[in-house]
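Since the structure comes first, as structure tokens, the remarks are kept for the end.
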Amino acid sequence: MGADYYETEANIRANRLKKMPDIGIGNNSRIVGAIVDKNVHIGEYVNIENVKKLEQFDAENYMIRDYIVIVPKDSVIPSHTVI
1052 MGADYYETEA NIRANRLKKM PDIGIGNNSR IVGAIVDKNV HIGEYVNIEN
1102 VKKLEQFDAE NYMIRDYIVI VPKDSVIPSH TVI
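Okay, here's the thing in structure tokens:
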């Protein structure tokens, strides 16, 4: 959905210290059949797709409802995550 703001250089430096990806979707990431809300941080080489065909599932930073992966507002998905 995008972001409400641009990260400043200070925000980006803080992200590095926290080992958190910058706001947006990282390079070489793949998203299939998902809803990604605004202000999310998705790292590099992330694969978001319900390959296990789960109808419902809850995780710390995403959920699955009616087979659709949902990444809620302000969530952080670290690099190399496979959903």
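Mapping the sequence shown onto my numbering, position 13 (from 1) lands on 1064, and the numbers just tick up by one.
The C-beta atom is built at its ideal place from N, Cα and C for all residues, glycine as well.
Because the structure is a prediction, the values reported are computed rather than measured.
> Leaving out the 5 sequence neighbours to the left and right, which residues in its chain are closer than 8 Å to Y1118 when beta-carbon positions are compared?
Replying inline: The residues are G1084, N1101, K1104, L1105, E1106.
>> Does I1134 come out as helix, strand or coil in the three-state DSSP assignment?
In response: Looking at I1134 - three-state DSSP - the assignment turns out to be coil, as it is neither helix nor strand.
>> Below 8 Å on the Cβ atoms is my contact criterion, and I expect N1098 with V1133 to pass it. Report the Cβ-Cβ distance as a whole number of Å.
In response: The C-beta separation of N1098 from V1133 comes to about 5 Å, placing the pair in contact by the 8 Å criterion.
> Whose CA, out of R1067, D1109, Y1113, lies closest to the CA of P1123?
Replying inline: Looking only at R1067, D1109, Y1113, the smallest Cα-Cα distance to P1123 is reached by Y1113.
> Can you name, in chain order, every residue of its own chain whose Cβ lies under 7 Å from the Cβ of D1055, other than the five neighbours on each side?
Replying inline: By the criterion of a C-beta distance shorter than 7 Å, D1055 is surrounded in its chain by K1089, N1090, once the five residues flanking it on both sides are discounted.
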